[in-house]
Structures are given as C-alpha cells and as structure tokens.
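Residue numbers (the UniProt record's numbering): 1 to 158.
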C-alpha cells in the first residue's frame with residue numbers, strides 16, 4: 001500500500017479504511033499474514049475473542065513492535081466482545097481477556113460481536129449448548145442496549 005486512507009469517526013479518531021481480518025487464521029499462516037500485511041502497510045487489524053487467535057496476534061505484534069517494523073501508535077486494533085460476556089457484569093471481564101491476550105496497553109475499537117447474549121459458563125465455553133438439549137445455544141435475557149450502556153452511558157473506563 002502506498003498510502004493509507006482513513007475514515008474519521010465522530011470523536012475525531014481516524015480509522016484505516018482497510019483492515020486485515022483474522023477470522024479462522026491460526027499458527028504460522030496467521031503470523032506470516034500479519035507480518036506481510038504490516039510490511040505492506042496495513043495498520044488496521046481486526047480480531048475477536050471468539051476467533052481464539054488473539055494470543056498469537058499479540059505475540060506477533062509485540063515482535064513487530066520490538067523489531068521496529070511498526071509502532072503501537074501507528075496501529076488500529078479492533079476486537080469484539082463475545083456473546084458470553086454480554087451480561088453487564090461480564091463486559092469488563094471479556095475486554096480484559098482480549099487486552100491481555102493481545103499484550104497491548106489499549107484497544108482502539110471494541111465492538112459487540114453480536115447483540116445476542118449467550119449464557120456464561122466459563123471463559124472458554126464460547127457456544128453453550130441449549131439447556132433443553134435441542135439445537136441452538138443457551139441464551140441469557142440481556143438486551144444489547146444494557147451491554148452497551150456499561151461503558152458508554154455509565155462512563156466506565158476499562
């Protein structure tokens with residue numbers, strides 16, 4: 001990429017218009033893709049807790065930063081709150097799991113992956129089975145606005 005193009009958000013933050021998506025990427029293929037993308041000028045990395053690859057992404061980004069290939073402040077990292085953390089009391093837990101795995105001091109954009117809340121069992125159970133044994137997942141009665149309010153309305157800073 002010769003020149004990054006950006007979109008300016010309502011808060012003045014600039015987000016690179018092209019991102020490297022990391023869904024279903026793992027292992028050496030993920031590391032190679034990430035290194036190549038950074039070398040080619042990508043500065044926006046899109047991931048999510050649900051992808052279960054944030055630790056590998058974090059390790060690779062740390063290596064690239066330590067090598068001087070890129071500075072943290074040049075990167076725009078997007079990750080997402082997984083549905084098992086949509087309960088208002090779990091939002092910060094979900095955020096901190098991603099932040100720790102990515103080995104970063106901050107995340108640039110944190111989104112709700114889906115507006116549907118799944119039942120929380122533990123940090124590793126991403127698709128809790130339906131309680132009646134039928135198809136689908138165990139759901140929680142949480143409105144997505146209540147999830148959103150945790151850090152937007154109440155002003156909680158993670």
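Glycine included, every Cβ here is placed at the ideal spot set by N, Cα and C.
Could you give the first and the last residue of the continuous beta strand (DSSP E) run that contains residue i?
i           : result
residue 19  : 19-21
residue 120 : Counting along the chain, residue 120 falls outside any beta strand (DSSP E), and DSSP gives it neither H nor E.
residue 112 : 109-112
Does residue i come out as helix, strand or coil in the three-state DSSP assignment?
i           : result
residue 47  : coil
residue 64  : helix
residue 15  : strand
residue 7   : strand
residue 139 : strand
Measure the beta-carbon distance from residue i to residue j and round it to whole angstroms, keeping in mind my assumption that it falls under 8 Å.
i           : j          : result
residue 102 : residue 77 : 7 Å
residue 159 : residue 30 : The requested residue 159 is not part of the displayed model; the chain covers only 1 to 158.
So the alpha helix (DSSP H) residue i belongs to, where does it begin and stop?
i           : result
residue 34  : 27-40
residue 145 : 144-149
Can we say the segment 107-124 touches the segment 136-143, given the rule of at least three CB pairs closer than 8 Å?
In this structure the segment 107-124 lies against the segment 136-143, because at least three pairs of beta carbons, one per stretch, are closer than 8 Å.
Every unbroken alpha helix (DSSP H) within the segment 70-105, with a cutoff of 4 residues, ordered by chain:
91-102
Do the segment 122-142 and the segment 68-76 touch if we need at least three Cβ pairs shorter than 8 Å?
no
Using a Cβ distance threshold of 8 Å, determine whether the segment 48-65 contacts the segment 9-19, with at least three qualifying pairs required.
In this structure the segment 48-65 does not touch the segment 9-19; the number of beta carbon pairs closer than 8 Å is below three.
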